[in-house]
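A.B. asks:
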């Protein structure tokens, strides 16, 4: 029993964190809103050069052969800077889905190699989400149809832009036709792959939500130290301190469930439903509370477009509902816990659940 | 990261489970806030000590088993699973014990830890005073050096278990001209010393769980001081860290309550009209588990040489509010029977929920109110301005 990350995992996370914090700023995000795609090819290539798209690609396809646990701290950092590029979905959802099919369909191996090398990007649709994010910059799309998963090139589909309240998010409905040629998997295998993708997508959201929650607290702490009223910094007021302390408690107790979920997905994905739903619900609560308490602490300034807070708030509101909204995940927890045969109790914390 | 127990840890769990199955009294003991109940609990402490289960993390030379914190968590899980008696000496073993390990001289460890481990000496805590509650640095009781002794005068209040305990560990002002957190020292006083008067204070349940302690020219040897003279505040903060952070309230206690709550809900599922209750039950279970996961993380970090600091305040808020919520939910499920004392003929199987509910009201208050914890988090963890 050892619930810590390795030195290597922590050091790598630190270096990626430094890179992200230098490159992804509120200014760079705002600048991206006015571009055609909202995405930067140059930034994506830098992300590729750092090996981040290759992390979960198997070694046989030129990747690093790492797992969800190796990536989870990075996903948290992506949330902290509100990264717009679809790195988390690429690494945690598209790559493992293709890896699972690598022996079955030669197209998957080739796609994985090209994800690792940065030649292509892949977007993922899922029944849990009505929309596909970043489909416009993807060369290929993985799309669900019933129990089947299909692979289509972008020129085989029609994308209809849907506008999000978060100007960084680029969402699309996709019109397309399923054929035998486009089908990668179906039947029980398709069902299982779709379920695994949902868990990986939810894990990625949960990690980003924890990062976003901490980012909003940090912004607010800085603002309330500078802003003076009644002759003193408003951050000296206990009411605001307690708003922020409540956020810190929520974030802290979302983290261990998040890391447990990443661990379970990497070791025993068939048992991960419960752990993932716990992490997603806890992280969503932490991020929504941080958004609410942050805007309250910023006052009118927080309600403006000019203030950077909305960059993080809007992402939190969106991701809380993506890859399974709270109702979906709570329902899974209820179903499991209310089953009279559920093995519950302190000695079962690390047992098989769900 | 490896979230599997080792074969040794699994064997340890089995050993604990077996010993508890063989030794936990079949009938629940009386409350340790009665004279008879205290004595029963004292005997239980001796039974634990005979099996070397008194405090498993202590070195073998002091009657422990040199267990690491993961094994301690396993022990606690089994302890609550077995519904073993609450630890009457919790002030001693969970708070003073770890503090003595860190700050005690070899003689003090030999003298006090060994007696604690044997279940021979029960401890109370004497920090708060009538004018020094949340503002503990306002302590006025004095211990003035006179040769090889301190002469103590003053008053402590809210001393839990002091009515029947043998010793109290206190913070006194050893420098009479000092102010605030300077000039304080950490001193042990036997409760039967001449000049000590203990006045019981009944708690919500009517039993004398609290006491006021009056000191009137009480003399104790200088060797009863833990750490250096004037180091009292610093040591007390370490003790408070154990209290808020890890030792006093292990997650198993709350996981056991959460499990009982799930079972209570299932038993009454068809009578419950309030749709929010199921959500509260599930949330309770998840939060208890989150606290356990977080504690395993902290324990793993401490084993590798890490330290616990102001984040102990995050824990204290989380477990105390979780405990309160769980008991509120249970009371809602029990509905009109919730107010009945268990021996009432109409009470049925209400069990210990009412007792737990009353006690849960104290959680956000003791060990530093949750308001104080929130200030600590805001100022020390998040860096918000004090003034």
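Residue numbers (UniProt numbering), protein chains in the order written: chain A, 1 to 354; chain B, 1 to 387. Positions of the beta carbon are idealized from the N, C-alpha and C atoms, including for glycine. Computed from a predicted structure; not experimentally measured.
#1: Report yes if the CB atom of residue 382 of chain B is closer than 9 Å to the CB atom of residue 313 of chain B, and no otherwise.
#2: Identify the continuous beta strand (DSSP E) that holds residue 144 of chain A and give its terminal residues.
#3: Quick check: the Cα distance between residue 131 of chain B and residue 211 of chain B, rounded to an integer number of angstroms?
#4: Can you say whether residue 249 of chain B is buried or exposed, counting buried as having 16 or more other CB atoms within 10 angstroms of its CB?
#5: Using 9 Å as the limit for Cβ to Cβ distance, is residue 3 of chain B near chain A?
#6: Evaluate contact between the segment 79-90 of chain B and the segment 40-47 of chain B, counting only Cβ atoms and requiring at least three cross-stretch pairs below 8 Å.
#7: For the alpha helix (DSSP H) holding residue 257 of chain A, just list the boundary residues, first then last.
#8: DSSP three-state call for residue 188 of chain A: helix, strand or coil?
#9: Output, in chain order, the set of chain A residues within a Cβ distance shorter than 7 Å of residue 247 of chain B.
#10: Does the segment 137-150 of chain A come within contact of the segment 169-181 of chain A, defined as at least 3 CB pairs closer than 8 Å?
#11: Can you find at least 3 beta carbon pairs, one from the segment 303-313 of chain A and one from the segment 210-220 of chain A, that sit closer than 8 Å?
#12: If you follow the beta strand (DSSP E) that residue 154 of chain B is in, where does it begin and where does it stop?
#13: Do residue 253 of chain A and residue 291 of chain B have their beta-carbon atoms positioned less than 9 Å apart in this structure?
#14: Can you tell me the Cα-Cα spacing of residue 354 of chain A and residue 268 of chain A, whole angstroms?
#15: Measuring only between beta-carbons, confirm whether residue 354 of chain A sits less than 9 Å from chain B.
#16: Whole angstroms is fine: what's the gap from residue 40 of chain A's alpha carbon to residue 190 of chain A's?
#17: Hey, residue 281 of chain B and residue 344 of chain A are a contact pair by Cβ (cut 8 Å); roughly how many whole angstroms apart?
#18: Just to make sure I have the definition right: I need the residues of chain B whose C-beta is within less than 9 Å of the C-beta of residue 72 of chain A. Which are they?
#19: Report the residue from A/7, A/38, A/11, A/19 whose alpha carbon sits nearest the alpha carbon of residue 137 of chain A.
#20: With 9 Å as the limit, tell me which residues of the segment 263-295 of chain B have their beta carbon closer than that to any beta carbon of chain A; keep them in chain order.
#21: Using beta carbons (cut-off 9 Å, strictly below), is residue 171 of chain B in contact with chain A?
#22: Report the rounded CA-to-CA distance for residue 287 of chain A versus residue 377 of chain B, giving the unit in angstroms.
#23: Counting only beta-carbon atoms, is residue 337 of chain A nearer than 9 Å to chain B?
#24: Please report whether the beta-carbon of residue 325 of chain A lies at a distance below 9 Å from any beta-carbon of chain B.
#25: If the criterion is Cβ atoms closer than 9 Å, does the pair residue 361 of chain B and residue 324 of chain B meet it?
#26: Applying a beta-carbon distance threshold of less than 9 Å, which residues of chain B neighbour residue 276 of chain A?
#27: Buried or exposed, going by whether 16 or more other CB atoms sit within 10 Å of the CB of residue 274 of chain B?
#28: So residue 248 of chain A contacts chain B; which residues on that side make the cut at Cβ distance below 7 Å?
#29: Under the three-state reduction of DSSP, which class applies to residue 197 of chain A: helix, strand or coil?
#30: List in chain order: all unbroken alpha helix (DSSP H) runs of 4+ residues lying wholly within the segment 279-363 of chain B.
#31: Compute the distance between the beta-carbons of residue 169 of chain B and residue 115 of chain B, then report whether it is under 9 Å.
#32: Along chain A, in chain order, which residues have C-beta atoms closer than 9 Å to that of residue 18 of chain B?
#33: Out of A/93, A/103, A/2, point me to the one whose CA is closest to residue 71 of chain A's CA.
#34: So, is residue 316 of chain B buried or exposed, given that buried needs 16 or more other C-beta atoms within 10 angstroms?
#35: Return the residue from the list B/104, B/223, B/206, B/106 that minimises the CA-CA distance to residue 149 of chain B.
#36: In angstroms, rounded to a whole number, what distance separates the CA positions of residue 187 of chain B and residue 219 of chain B?
C.D. replies: Per the coordinate set shown:
#1: Between residue 382 of chain B and residue 313 of chain B, the CB-CB gap reaches or exceeds 9 Å.
#2: Residues 140-145.
#3: Taking the straight line from one Cα to the other gives about 16 Å.
#4: Its Cβ being crowded by 16 or more others within 10 Å, residue 249 of chain B is buried.
#5: With its beta carbon less than 9 Å from one in chain A, residue 3 of chain B belongs to the interface.
#6: Cβ pair count under 8 Å is three or more, so yes.
#7: It spans 238-267 - the alpha helix (DSSP H) in which residue 257 of chain A sits, taken as one unbroken run.
#8: Helix.
#9: Per Cβ cutoff of 7 Å: no residues; residue 247 of chain B is ~17 Å from chain A at best.
#10: By the criterion of at least three beta-carbon pairs nearer than 8 Å, the segment 137-150 of chain A is in contact with the segment 169-181 of chain A.
#11: Taking 8 Å as the limit for Cβ pairs, the verdict is that the segment 210-220 of chain A does touch the segment 303-313 of chain A.
#12: 149-156 is the extent of the beta strand (DSSP E) around residue 154 of chain B.
#13: Cβ atoms of residue 291 of chain B and residue 253 of chain A: closer than 9 Å.
#14: Any reading at residue 354 of chain A is ruled out, since the residue's pLDDT is 47, under 50, leaving its predicted position unreliable.
#15: With a pLDDT of only 47 at residue 354 of chain A, under the threshold of 50, the placement of this residue in the model should not be trusted, and no figure is reported.
#16: Cα-Cα distance, rounded: 33 Å.
#17: Rounded to whole angstroms, the Cβ separation of residue 281 of chain B and residue 344 of chain A is 11 Å, and the two are not in contact under 8 Å.
#18: Chain-ordered listing is empty here: chain B has no CB closer than 9 Å to the CB of residue 72 of chain A, the nearest sitting near 10 Å.
#19: Answer by Cα proximity: A/38.
#20: Listed in sequence order: 263, 265, 266, 269, 278, 279, 281, 282, 283, 285, 286, 287, 288, 289, 290, 291, 292, 293, 294, 295.
#21: Judged by the 9 Å Cβ criterion, residue 171 of chain B is not in contact with chain A.
#22: A straight-line Cα-Cα distance of about 18 Å links residue 287 of chain A and residue 377 of chain B.
#23: Chain B, which has a Cβ nearer than 9 Å to the Cβ of residue 337 of chain A, makes this yes.
#24: Not a single CB atom of chain B sits nearer than 9 Å to the CB of residue 325 of chain A.
#25: Yes, the pair counts as a contact, with Cβ atoms nearer than the cut-off.
#26: Residues of chain B passing the Cβ test: none, with the nearest at roughly 12 Å.
#27: Looking at its Cβ environment, which holds fewer than 16 other Cβ atoms inside 10 Å, residue 274 of chain B is exposed.
#28: Correct list: 314, 377, 381, 382.
#29: Residue 197 of chain A carries a helical assignment under DSSP once its states are collapsed to helix, strand and coil.
#30: With a minimum length of 4 residues, the continuous alpha helix (DSSP H) runs that stay inside the segment 279-363 of chain B are 312-334, 353-360.
#31: Between residue 169 of chain B and residue 115 of chain B, the CB-CB gap reaches or exceeds 9 Å.
#32: By Cβ distance, chain A contributes nothing, its closest Cβ being about 14 Å from residue 18 of chain B, past 9 Å.
#33: Relative to residue 71 of chain A, the option among A/93, A/103, A/2 whose CA is nearest is A/93.
#34: Under this definition residue 316 of chain B is a buried residue.
#35: Of the residues B/104, B/223, B/206, B/106, the one whose Cα lies closest to the Cα of residue 149 of chain B is B/223.
#36: Rounded to the nearest whole angstrom, the C-alpha separation of residue 187 of chain B and residue 219 of chain B is 11 Å.
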